[in-house]
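One structure below.
Residue numbers (my numbering): 31 to 190.
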């Protein structure tokens, strides 16, 4: 076990089942995602089966199990977005990025996640890229957005 993980575990000295979700959040914040190895270590630390940990973690949309791209795209597929054409936007995303829901492209530039609702129904269909919202999407506007991120991927967010 590495020192980063040991340090996280030290923040949860009581080793209670109630610590599971906050512990998983801390680990994901530090490592970027919950790997199988990390989940096994959490199971050992809290004396909880790996299956139970996966059951809890997969219940919540905010946990992920693989690396995300530099630009993480969340596509809203709620009722309003669906009616407004989010299925077409998803098809276009998959075509343009050559990935499906839950995947990251080979360059590590884009990852895609379809979510139930982002909560901006009046602006449907929409995507969120690294906490920036793009609304009332069309195939053409989506292409422009993706091209913008592709062209500027070296300079965007480097200052942060």
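The beta-carbon is built from N, C-alpha and C at its ideal position, and this holds for glycine as well.
Being a predicted model, the structure only gives us computed values, none of them experimental.
*Note down the Cα distance separating residue 189 from residue 80, rounded to an integer number of angstroms.*
The predicted model places residue 189 with a pLDDT of 43, which falls under 50 and marks its position as unreliable; any figure quoted below should be read in that light. Taking the straight line from one Cα to the other gives about 38 Å.
*For the candidate residues 147, 48 and 74, whose alpha-carbon lies nearest to that of residue 86?*
48
*May I ask which residues mark the beginning and end of the alpha helix (DSSP H) holding residue 106?*
It is not in any alpha helix (DSSP H) - residue 106 instead sits in the beta strand (DSSP E) that spans 101-106.
_Of the residues 76, 54 and 120, the one placed nearest residue 176, counting alpha carbons only_ = 120
*What are the boundary residues of the beta strand (DSSP E) that residue 142 is part of?*
140-145
*asked:* Runs of 4 residues minimum, wholly inside the stretch 38-117: which ones carry the alpha helix (DSSP H) assignment?
replied: 50-61, 66-76, 80-89 and 109-114
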